[in-house]
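Chemist: Here it is: the structure, laid out below.
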Amino acid sequence: MHSAIYQGVINHRRNDAVQHQFQYPIFMVYLDLDEQEEFFRLSPWWSRERFNWASFRRRDYLQPQQTDLKQAVADEILRQTGEHFRGQVRVLSHFRYLGIGFNPATFYFCFADGELRYLVTEVTNTPWLERHCYVLKFAAGADAQQFVTRKQFHVSPFLPMDMEYHWKIHAPGEQLNLYISNYQDQQMVFSAGLRLQRLPATARNLNRTLLQFPMESLKTITGIYWQALRLKLKGAEFYQHSKPVEDQSL
């Protein structure tokens with residue numbers, strides 16, 4: 092089974108006039124959309140489209156929700172690149188836990204013929220709950236690659252829009268490492284990273300993970316507001332909400 096649990100840490104660091112950093116333990120579900128039937132049979136505490144300790148809801152992901160999620164990812168790739176994608180889509184995200192769900196970023200790893208071809212990153216901001224996708228195309232045979240894109244979407248009110256994102260992405264394996272840095276005037280002012288370790292999708296691992304992280308989504312939401320309060324108290328500059336800039340695909 093390609094589906095798995097990934098556990099590790101997430102870290103954020105500011106390098107501008109306001110110094111600020113934090114690190115939290117985290118887990119995310121890595122779900123192959125072709126393996127849903129098999130995955131959700133593993134544990135009675137995990138389910139699709141109904142309330143449970145852990146639940147996967149189609150409406151929490153790429154819209155329109157009437158479209159099959161795998162097809163919605165392919166449609167987004169076509170919209171941004173003009174290319175047709177056919178293959179496997181594996182989603183790295185938070186599910187809903189006891190009905191509460193929020194994904195600051197959902198990562199759709201898109202494979203064809205055993206190779207990573209695209210990464211679609213769906214970003215959701217808070218409190219506006221708007222969504223925006225970045226589509227990154229991997230070179231043939233590349234297991235790790237770096238990209239540069241313009242910032243296109245307002246996420247944090249403590250960072251301006253005139254920035255570049257520098258991405259460093261490794262294809263999921265026994266480890267999953269993903270790093271994003273914000274550059275302004277060729278200076279790195281912010282960085283975030285995921286460093287995760289793979290756990291096979293078994294009933295034991297799924298249930299143990301829920302005991303370790305019983306309310307992961309609530310922790311994510313409260314963490315966002317707690318760190319925002321800390322930045323405000325440190326005097327970080329506040330930027331008004333901006334409309335997304337024109338899409339850019341690579």
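Okay, so the sequence shown: first residue is 92 according to this note's numbering, each after it adds one.
Backbone N, C-alpha and C fix where the C-beta goes; we use that ideal spot for every residue, glycine too.
Every value quoted in this text rests on a predicted model; they were computed, and no experiment measured them.
1) My understanding is that residue 141 touches residue 131, with C-beta atoms under 8 Å, so please give their C-beta distance in whole angstroms.
2) Quick one: give me the first and last residue of the alpha helix (DSSP H) that residue 343 is part of.
3) Any C-beta of chain C sitting closer than 9 Å to the C-beta of residue 202?
4) Just mark residue 205 as buried or exposed, buried being the case when its beta carbon has 16 or more other beta carbons within 10 Å.
5) Apply the 10 Å Cβ neighbour rule to residue 100 and answer buried if 16 or more other Cβ atoms are within range, or exposed otherwise.
6) Could you tell me which residues DSSP pairs with residue 238 in its beta bridges?
7) Would residue 348 pass as a contact of residue 267 if the rule is Cβ separation under 9 Å?
8) Relative to the C-alpha of residue 376, which candidate in 137, 154, 285, 329 has its C-alpha closest?
9) Rank 120, 94, 105, 93 by C-alpha distance to the C-alpha of residue 304 and give the top, closest one.
10) What does the alpha-carbon distance come out to for the pair residue 201 and residue 156?
11) Nearest to residue 243 by alpha carbon, out of 96, 224, 234, 306?
12) Using a 10 Å radius around the Cβ and a threshold of 16 neighbouring Cβ atoms, would you call residue 113 buried or exposed?
13) Is it buried or exposed for residue 165, if we count other Cβ within 10 angstroms and need 16 for buried?
14) What does the Cβ neighbour count give for residue 277, buried or exposed, with the cut at 16 atoms within 10 Å?
15) Give the secondary structure of residue 136 by DSSP, where H, G and I count as helix, E and B as strand, and everything else as coil.
16) What's the call for residue 332, buried or exposed, on a 16-neighbour Cβ count within 10 Å?
17) Quick check on the burial criterion: 16 or more other C-beta atoms within 10 angstroms. Buried or exposed for residue 313?
18) Does the Cβ of residue 170 have 16 or more other Cβ atoms within 10 Å, making it buried, or fewer, making it exposed?
19) So, at 7 Å on beta carbons, what are the nonlocal neighbours of residue 292 in its own chain, with the 5 sequence-adjacent residues on each side left out?
20) Going by alpha carbons, who is nearest to residue 184 out of 251, 239, 193?
Modeler: For this structure:
1) As a position in the sequence shown, residue 141 is number 50, starting the count at 1. As a position in the sequence shown, residue 131 is number 40, starting the count at 1. Wrong, their Cβ atoms sit about 10 Å apart, outside the cutoff.
2) Lying before the first or after the last residue shown, residue 343 is absent from the chain, which here runs from 92 to 341.
3) Although the question refers to chain C, the structure presented lacks it and comprises just one protein chain.
4) Residue mapping note: residue 205 aligns to position 114 of the sequence shown, counting from 1. Under this definition residue 205 is an exposed residue.
5) Along the sequence shown, one-based indexing puts residue 100 at 9. Per the 10 Å Cβ criterion, exposed.
6) Sequence index remark: in the sequence shown, residue 238 carries index 147 (1-based). Answer is 258.
7) Here the chain has residues from 92 to 341 only, and residue 348 is not among them.
8) With the chain running from 92 to 341 in the structure shown, residue 376 is simply not present.
9) Here the question's residue 304 lines up with position 213 in the sequence shown. Ranking 120, 94, 105, 93 by Cα distance to residue 304 puts 120 first.
10) Here residue 201 is taken as the residue at index 110 of the sequence shown, counted from 1. Here residue 156 is taken as the residue at index 65 of the sequence shown, counted from 1. About 19 Å.
11) Position 152 of the sequence shown, counted from the first residue, corresponds to residue 243. Selected option, being the one with the closest Cα: 224.
12) Reading the sequence shown from its first residue, position 22 is the one you call residue 113. It is exposed - the Cβ of residue 113 has fewer than 16 other Cβ atoms within 10 Å.
13) To locate residue 165, count along the sequence shown from 1; it is residue 74. By the 10 Å Cβ count, residue 165 comes out buried.
14) Translated into positions along the sequence shown, residue 277 becomes position 186. Its Cβ having fewer than 16 others within 10 Å, residue 277 is exposed.
15) Here residue 136 refers to the residue found at position 45 when the sequence shown is read from its first residue. It is coil, neither helix nor strand.
16) The residue given as residue 332 occupies position 241 in the sequence shown. The residue is exposed, with fewer than 16 neighbouring Cβ atoms inside 10 Å.
17) By 1-based counting over the sequence shown, the position of residue 313 is 222. Classification of residue 313: exposed, given that the 10 Å Cβ count is below 16.
18) Here residue 170 is taken as the residue at index 79 of the sequence shown, counted from 1. It is exposed - the Cβ of residue 170 has fewer than 16 other Cβ atoms within 10 Å.
19) Taking the sequence shown and counting its residues from 1, one reaches residue 292 at position 201. Counting only Cβ-Cβ distances below 7 Å, and skipping sequence neighbours, we find 92, 94, 95, 96, 130, 133.
20) As a working mapping, residue 184 is identified with position 93 in the sequence shown. Ranking the options by Cα distance to residue 184, first place goes to 193.
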